[in-house]
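Taking it in order: structure first as structure tokens, then the write-up.
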């Protein structure tokens, strides 16, 4: 049985992170929280800014597997990496949900290179186009959340950004309304991307502090490469030319 927590915080990777348990009244799956943290950390090791976009993908209740989300992620990845040439990877976390009012749907978080993808607008637009153009595959809709902000820019250098984004994404790890009715035994209730983190020269995951260390090291290397100019007065007398020997030794 999957481990659950109703605590308001969880310690992962040496950090204490807030989670959305509705003040301890609802549970979250620890396994999912760990996966969310791993993919957020991996994306931020590659990019100093990451755009997080939250979507819901509504599908027909008859779907017993998650092939439709494989299709959706593949289409989003091809679009994102094609439209934004420097966006070479797409992080994601999705959770399969079933409720009486929304039917079968997926909560989804997308993670993109925030240095090149600065707005969620085109991401949402593309997601809605996929659902509309491929309804025959089982898509129903990708609703717009109105005035509710469903995106967040995470700055690698700002720990508060990470904490707020993680708490926001932890909603996907909630135990209630997971679909155990329609899915087959082989279908998971959630899935994440498998982005490998960037490592520094010590084999540790690259963090904001490594940028500073690299800048200091580069500055030190540049200083070593600068050869000071030798003046006539720096030379021993026996190495001076006749003209240089006529220069005053003291200013």
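Numbering (our numbering), first residue to last: 277 to 527. Even for Gly, the Cβ is constructed at its ideal location relative to N, Cα and C.
In angstroms, rounded to a whole number, what distance separates the CA positions of residue i and residue j?
i           : j           : result
residue 386 : residue 468 : 10 Å
residue 278 : residue 450 : 12 Å
residue 330 : residue 477 : 34 Å
residue 317 : residue 473 : 7 Å
residue 431 : residue 463 : 34 Å
residue 361 : residue 383 : 27 Å
residue 295 : residue 421 : 22 Å
residue 285 : residue 374 : 26 Å
residue 419 : residue 380 : 14 Å
residue 309 : residue 281 : 10 Å
residue 340 : residue 414 : 11 Å
residue 306 : residue 454 : 14 Å
residue 287 : residue 486 : 22 Å
residue 304 : residue 444 : 13 Å
residue 500 : residue 479 : 26 Å
residue 342 : residue 299 : 31 Å
residue 412 : residue 355 : 20 Å
residue 359 : residue 319 : 19 Å
residue 347 : residue 498 : 49 Å
Measure the beta-carbon distance from residue i to residue j and round it to whole angstroms, keeping in mind my assumption that it falls under 8 Å.
i           : j           : result
residue 429 : residue 325 : 6 Å
residue 327 : residue 394 : 7 Å
residue 335 : residue 416 : 6 Å
residue 482 : residue 321 : 4 Å
residue 363 : residue 392 : 5 Å
residue 333 : residue 408 : No, residue 333 and residue 408 are not in contact; Cβ-Cβ is about 12 Å, not under 8 Å.
Taking buried to mean at least 16 other C-beta atoms within 10 Å of its own C-beta, is residue i buried or exposed?
i           : result
residue 293 : buried
residue 466 : buried
residue 371 : buried
residue 315 : buried
residue 297 : buried
residue 442 : buried
residue 350 : exposed
residue 496 : exposed
residue 434 : exposed
residue 301 : exposed
residue 389 : buried
residue 515 : exposed
residue 448 : buried
Have a look at the options and flag the residue whose alpha-carbon is nearest the alpha-carbon of residue i.
i           : options            : result
residue 377 : 433, 337, 303      : 337
residue 410 : 345, 282, 284      : 345
residue 404 : 454, 441, 352, 299 : 352
residue 436 : 475, 280, 291, 282 : 291
residue 323 : 367, 444, 448, 359 : 367
residue 369 : 485, 446, 454      : 446
residue 424 : 406, 396, 439      : 396
residue 470 : 313, 287, 485      : 313
residue 566 : 355, 438, 406      : Here the chain covers residues 277 to 527 and nothing more, so residue 566 does not appear.
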